[in-house]
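Each protein sequence line maps, in turn, to chains A and B.
The first sequence begins at 1 in the working numbering and counts up one residue at a time.
The second sequence begins at 195 in the working numbering and counts up one residue at a time.
To start, the structure itself, in structure tokens.
There are 2 protein chains.
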Amino acid sequence: MTEAHFLSRVFPTPSFSAAEQAEIITAFRQVRFAKGDHLQEEGKTARYYHFMESGLARSYATDTEGRDISTGFYTSGDIVIDWTSFFLRSPAREHIQALSTCTCWQLDFETFQRLFHTIEAFREAGRTRLVQSYVELKNQSISMITDPARERYKRLLREKPEICRNVSLKQIASYLGITDTSLSRIRREIARGS
Amino acid sequence: MTEAHFLSRVFPTPSFSAAEQAEIITAFRQVRFAKGDHLQEEGKTARYYHFMESGLARSYATDTEGRDISTGFYTSGDIVIDWTSFFLRSPAREHIQALSTCTCWQLDFETFQRLFHTIEAFREAGRTRLVQSYVELKNQSISMITDPARERYKRLLREKPEICRNVSLKQIASYLGITDTSLSRIRREIARGS
DNA sequence: TCTGTTTCTTGTCATAGGACAGGAAATCAT
DNA sequence: ATGATTTCCTGTCCTATGACAAGAAACAGA
Chain A
1 MTEAHFLSRV FPTPSFSAAE QAEIITAFRQ VRFAKGDHLQ EEGKTARYYH FMESGLARSY
61 ATDTEGRDIS TGFYTSGDIV IDWTSFFLRS PAREHIQALS TCTCWQLDFE TFQRLFHTIE
121 AFREAGRTRL VQSYVELKNQ SISMITDPAR ERYKRLLREK PEICRNVSLK QIASYLGITD
181 TSLSRIRREI ARGS
Chain B
195 MTEAHFLSRV FPTPSFSAAE QAEIITAFRQ VRFAKGDHLQ EEGKTARYYH FMESGLARSY
255 ATDTEGRDIS TGFYTSGDIV IDWTSFFLRS PAREHIQALS TCTCWQLDFE TFQRLFHTIE
315 AFREAGRTRL VQSYVELKNQ SISMITDPAR ERYKRLLREK PEICRNVSLK QIASYLGITD
375 TSLSRIRREI ARGS
């Protein structure tokens, strides 16, 4: 039944009993977003926890000068969510937007809470995911201090090549903390030797 | 009994029943660190969850060039922990060091797990704390992109004045992503009109 | 296909912050 | 106190990146 189900790999059978796995999987609902759709809008409280099965998305915030700053990119297997908004039930401070057609699995907050408080393995997994997001953010944050822009771009190229190939220069540049102009020059330099 | 206990404010009575509060508070152990002591060492797995009652501390990582980069500062009421190491049971990538005498309340991992899995309010509180740390890191991270160094320093001055007063220039500078030289100049500029 | 719009590239010039070095000031150990 | 060490300040010069502007290229809509 669930042999090749995307979520059966997310909640794998040694950690989850068959019954738990079934309960979790049936609680999720599949949704699809078209390129450009917003999975989340700034100012609204996040209603759903999303697992991305396929597609690309990005989160972005608008800074005090009105500039659009990409704060994260999401690909297959990622959790696509504004953690703060979802868990603190507060208005989101970022938008999350599909960059291509996205297939996701969603859970509303009440359902998440029910699973979280009744299934021990689910809450361990949930906590682990949150901690992993934290460490990724921390790495990015340290990299902003210690690495020059070129290195940060090369790392993104290594870790999320599909992003570098499919996302606009400006959106990637703002994520790296540089201007589109600079990123364009960095790409040129990399295109010649390293 | 627990009227003025520091932890009774951390786990307040409307959210926690008296019995739960008592169970939680007795599970914590008070510890004291002298200035310079390490609460956490890089490479070792975090053994304790710490609440800081009083004192100052900082976390720092050593980058590829061997430079010491401050990654966070902690004051009264903060949780002092390497989240990733504690929850993923993996070696810490940072040191955490007392910058003055610190009084903390600690919980080992097994005890944390027991409370987390048996007391619903405790796991809600724990998750909330983690999410709050996440949002602080995110704000700092966005600030690194959008704000010039002077603004970042002014924000730190606003949010953690005791840090700016008591921590060495170099340690603050590395946190802000600039050199001690630059921070020294920024301070001079602020000392004259803004 | 033509046309308008967005995205990307490149140039020139300006500027924040880094590297390095020397000196002053504070802190510490004996 | 005295010297040693660390921390902090300041000067000069340099580099990475930003701001702005103008083309080129890609793309979207009729």
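Note that beta-carbon positions come from the ideal geometry of N, C-alpha and C, so glycine has one too.
Beta-carbon neighbours of W105(A), restricted to chain B and to distances below 7 Å:
Going along chain B, no residue has its Cβ under 7 Å from W105(A), so there is no contact; the nearest lies around 21 Å.
V225(B) - containing beta strand (DSSP E), residue span
223-227
Coarse secondary structure for L107(A), derived from DSSP in three states:
strand
Hey, could you find the ends of the beta strand (DSSP E) E65(A) is sitting in?
From DSSP, E65(A) is part of no beta strand (DSSP E); its letter is neither H nor E.
Whole-angstrom distance between P206(B) and R89(A), CA atom to CA atom
20 Å
Buried or exposed for R321(B), please, with buried defined as at least 16 other CB atoms from any protein chain shown within 10 angstroms of its CB.
buried
So what's R58(A) in DSSP terms, helix, strand or just coil?
strand
Residue closest to S76(A), alpha-carbon to alpha-carbon, out of E94(A), I69(A), S54(A), W105(A):
S54(A)
Report the option in H50(A), R155(A), I190(A) whose CA atom is closest to the CA atom of Y74(A).
H50(A)
Using a Cβ-Cβ distance under 8 Å, would Q234(B) count as near chain A?
no
How long is the line joining the alpha carbons of A251(B) and E345(B), rounded to whole angstroms?
23 Å
For a contact meaning CB atoms closer than 9 Å, what does V135(A) contact in chain B?
W277, T278, L282, R287
Out of D262(B), P208(B), R203(B), which has the shortest C-alpha to C-alpha gap to R362(B)?
Note on residue identity: the sequence assigns Ser, not Arg, to residue 362(B). Looking at the Cα atoms, D262(B) is the closest of the given residues.
Assuming contact is defined by CB atoms lying nearer than 8 Å, are A92(A) and F16(A) in contact in what I supplied?
no
With three or more beta-carbon pairs closer than 8 Å as the criterion, would you say the stretch 77-85 of chain A touches the stretch 35-48 of chain A?
yes
Can you find a CB in chain B that lies within less than 8 Å of the CB of A22(A)?
no
Alpha carbon to alpha carbon, what distance is there between Q40(A) and L7(A)?
22 Å
Going by C-alpha distance, which of N139(A), R32(A), R188(A) is nearest I257(B)?
Strictly speaking, residue 257(B) in this sequence is Asp, with Ile absent from that position. Per the Cα distances, N139(A).
Write down the C-beta distance between S141(A) and S335(B) rounded to the nearest angstrom, noting that I regard them as a contact closer than 8 Å.
5 Å
Under 8 Å between the Cβ atoms of H289(B) and E236(B)?
yes
From E214(B) to G230(B), what distance separates their C-alpha atoms?
35 Å
Once you ignore the five residues that flank D180(A) on each side, which residues in its own chain have a CB closer than 7 Å to its CB?
L169, K170, A173
Indicate the three-state DSSP secondary structure (helix, strand or coil) for T196(B) in the structure shown.
Per-residue confidence for T196(B) stands at a pLDDT of 43, beneath the threshold of 50, marking its modelled position as unreliable; no derived number is given.
Between A338(B) and chain A, is any beta-carbon pair separated by less than 8 Å?
Residue 338(B) is actually Met in this sequence, not Ala. At least one chain A Cβ lies under 8 Å of M338(B).
Just the C-alpha distance for H5(A) and Q106(A), rounded to the nearest angstrom, thanks.
14 Å
Nearest to D341(B) by alpha carbon, out of E65(A), A191(A), D78(A), H38(A)?
E65(A)
Near M246(B), which residues of its chain fall below 8 Å by C-beta distance, leaving aside the five closest residues on each side in sequence?
Y268, T269, S270, G271, D272, I273, V274, C296, T297, C298
First and last residue of the beta strand (DSSP E) that includes L39(A)?
38-40
Cβ separation of M144(A) and G266(B), assumed to be a contact under 8 Å, to the nearest whole Å
With 8 Å as the limit, M144(A) and G266(B) do not qualify as a contact, their Cβ atoms being about 14 Å apart.
Is there a C-beta anywhere in chain A that falls below 8 Å from the one on S362(B)?
no
Comparing C-alpha positions only, which one of Y347(B), E217(B), F227(B) sits nearest to S378(B)?
Y347(B)
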